[in-house]
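Have a look at the structure below before the remarks.
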Amino acid sequence: MTGSDEVWLIAGMAAVTFGIRYLLFALAERIRLAPWIMESLKFIPPAVLTAITLPAVLLPKGEWFVSLANPYLLAALLTLAAGVLTRNLLATIAIGLAAFFAHRLLF
Amino acid sequence: MNQPEHLRRQELLAGVRDTLPLLLGALPFGMIYGALAATSGLSFAAAVAMSALVFAGSSQFIAIGLIAAQTPVAIIVLTTLIVNLRHMLYSATLLPHLQHLPQRWRVPLAFWLTDETFAVTVHRFQKDDASPDKHWYQLGSSIAMYVNWQFWCFLGLLLGQRIPDAQSWGLDVAMPVTFIGMIIPFVKTMPIAVCVLVAGAASLLTLAIPYKLGIVLSALAGIVAGLSAQRLRASHPAGER
Numbered sequence: 014m015t016g017s018d019e020v021w022l023i024a025g026m027a028a029v030t031f032g033i034r035y036l037l038f039a040l041a042e043r044i045r046l047a048p049w050i051m052e053s054l055k056f057i058p059p060a061v062l063t064a065i066t067l068p069a070v071l072l073p074k075g076e077w078f079v080s081l082a083n084p085y086l087l088a089a090l091l092t093l094a095a096g097v098l099t100r101n102l103l104a105t106i107a108i109g110l111a112a113f114f115a116h117r118l119l120f
Numbered sequence: 003m004n005q006p007e008h009l010r011r012q013e014l015l016a017g018v019r020d021t022l023p024l025l026l027g028a029l030p031f032g033m034i035y036g037a038l039a040a041t042s043g044l045s046f047a048a049a050v051a052m053s054a055l056v057f058a059g060s061s062q063f064i065a066i067g068l069i070a071a072q073t074p075v076a077i078i079v080l081t082t083l084i085v086n087l088r089h090m091l092y093s094a095t096l097l098p099h100l101q102h103l104p105q106r107w108r109v110p111l112a113f114w115l116t117d118e119t120f121a122v123t124v125h126r127f128q129k130d131d132a133s134p135d136k137h138w139y140q141l142g143s144s145i146a147m148y149v150n151w152q153f154w155c156f157l158g159l160l161l162g163q164r165i166p167d168a169q170s171w172g173l174d175v176a177m178p179v180t181f182i183g184m185i186i187p188f189v190k191t192m193p194i195a196v197c198v199l200v201a202g203a204a205s206l207l208t209l210a211i212p213y214k215l216g217i218v219l220s221a222l223a224g225i226v227a228g229l230s231a232q233r234l235r236a237s238h239p240a241g242e243r
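Going down the list, the sequences are from chains G and H.
Going left to right, the first sequence walks through residues 14 to 120 as the numbering used here numbers them.
Going left to right, the second sequence walks through residues 3 to 243 as the numbering used here numbers them.
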């Protein structure tokens, strides 16, 4: 990749990313969200996060891998259990990461 | 008379504090970005600039993969646009809480809007105390995420130049682990549980759709399902809550 390609790449990525994040904030005065949209907003975070996470766990390298030999799946299951039981985000993430690396070391 | 200033600092620090666990999750994520960038053909300066100016983990990862595959710049930018579309859903969610603020607040909070800061801040905005300074909380979370991301990306770049096989360590596991931790606190009601199940199922059924567009479609499916479950429950008040 040449130097000028890199400049265009980063300028383009920065512009579209900021544009998406800022568009609605910029227009805030002219936007009134309909009641049904307001009602649906609370579903957005769990819906998006789940849609990103599940394929990353079940197809970690782009191929289906549904087995406890899949360290990503094992880590996900233990993370879920830790999260439900401890309700502590730091402990949950630490246990999930530890489970993954323990699995990789042992198998 | 410095009471409000004191409360603002409190909000700012609370935002930093509640983001601390997510900094741990971003650590391996940032390191592997740096390590991958070092071997992708992107220059050191460009990899640093991308973290500093784009500041969007998953699209940075995808960009690195596409650069290594010699993809044209225009395609990488278009892919970034699609992968980051979900941020528009985030800004729609925050809009009612931020629309009274001047642009000098909205611009930086938009630039720093990540999955992590959004997930943490939404909980703060949903609390029903009348604090007028909740945007200071978001600012604290934003700055913590930004500084942390720059640091680990930089370290990953340095290490990636020395340890060529760092990318095979599987550090990318940090993303699903962190996200699962972030999803759990949202699932408090039956409609949200329905939303999560449908979004998850849809994400597996839409894998064939290119450019990760399946993520946005699956999220929309989950939102519609959650909304329907909520309506259904409201129309049968005899049911348990």
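From the three backbone atoms N, C-alpha and C, an ideal C-beta is built for every residue, glycine too.
This structure is a prediction, so every number in the text was calculated from the model and none was measured.
List, in chain order, every chain H residue whose beta-carbon is nearer than 8 Å to that of residue i.
i                : result
Ser80 (chain G)  : What Ser80 (chain G) touches in chain H: nothing, since even the nearest Cβ is about 16 Å away.
Ala107 (chain G) : Leu26
Interface residues of chain G around residue i at Cβ under 8 Å?
i                : result
Ser61 (chain H)  : Met26, Thr30
Ala121 (chain H) : Pro58, Leu62
Return yes when the Cβ of residue j is within less than 8 Å of the Cβ of residue i, no when it is not.
i                : j                : result
Leu141 (chain H) : Leu111 (chain H) : yes
Gly43 (chain H)  : Val179 (chain H) : no
Val200 (chain H) : Ala227 (chain H) : yes
Phe120 (chain G) : Ala82 (chain G)  : yes
Pro58 (chain G)  : Phe188 (chain H) : yes
Ala231 (chain H) : Ser220 (chain H) : no
Tyr85 (chain G)  : Val175 (chain H) : yes
Anything in chain G within Cβ reach of residue i, meaning under 9 Å, just list it in chain order.
i                : result
Arg108 (chain H) : Tyr35, Phe38, Ala39, Ala41
Ile217 (chain H) : Val61, Ala64, Ile65, Pro68
Asp117 (chain H) : Pro58, Val61, Leu62, Ile65
Leu44 (chain H)  : Met14, Glu19, Leu22
Enumerate in chain order the residues of its own chain whose CB-to-CB distance from residue i is below 8 Å, with the five nearest sequence positions on each side excluded.
i               : result
Leu22 (chain G) : Met14
Leu9 (chain H)  : Ser133, Asp135
So, at 7 Å on beta carbons, what are the nonlocal neighbours of residue i in its own chain, with the 5 sequence-adjacent residues on each side left out?
i                : result
Arg243 (chain H) : Unreliable positioning characterises Arg243 (chain H) in this predicted model, as indicated by a pLDDT of 47, which lies under 50. The coordinate reading is nonetheless provided below. Nothing meets the Cβ criterion.
Phe156 (chain H) : Gly36, Val50
Val56 (chain H)  : Gln62
In chain H, what lies closer than 7 Å to residue i by C-beta?
i               : result
Phe56 (chain G) : Ile194, Cys197, Gly224, Ile225, Gly228, Leu229
Glu52 (chain G) : Leu229
Among the residues of its own chain, which have a CB less than 6 Å from the CB of residue i, if the five just before and after it don't count?
i                : result
Met3 (chain H)   : Bear in mind that a pLDDT of 46 at Met3 (chain H), under 50, signals an unreliable position, so the number given afterwards is only what the model happens to contain. Nothing meets the Cβ criterion.
Phe127 (chain H) : His99, Lys136
Does at least one heavy atom of the ligand NAP sit under 7 Å from the Cβ of residue i?
i               : result
Ala40 (chain H) : Looking at this structure, you won't find the ligand NAP or any other ligand, since it has none at all.
Give me the chain G residues within the contact set of residue i, using Cβ-Cβ distance strictly less than 7 Å, ordered along the chain.
i               : result
Arg88 (chain H) : Val61
Going along chain H in order, which residues have a C-beta closer than 9 Å to the C-beta of residue i?
i                : result
Ala115 (chain G) : Simply none; closest approach about 12 Å.
Practice task
State whether the stretch 9-16 of chain H contacts the stretch 128-140 of chain H, with contact taken as three or more CB pairs (one from each stretch) at a distance under 8 Å.
Solution key: yes
Exercise for the section: Mind the definition here: the stretch 68-76 of chain H touches the stretch 191-201 of chain H only if three or more C-beta pairs lie below 8 Å; say whether that holds. Expected result: no
Practice task
Check whether the stretch 91-109 of chain H touches the stretch 44-63 of chain H, counting contact only when three or more Cβ pairs, one atom from each stretch, lie closer than 8 Å.
Solution key: no
Handout entry: Given 8 Å, three or more beta-carbon pairs between the stretch 24-32 of chain H and the stretch 144-153 of chain H
Key = yes
Problem - the stretch 92-112 of chain G touching the stretch 205-220 of chain H, judged by at least three CB pairs closer than 8 Å - result: no
Practice task
Count the CB pairs spanning the stretch 98-105 of chain G and the stretch 18-26 of chain H that are closer than 8 Å, and state whether there are at least three.
Solution key: yes
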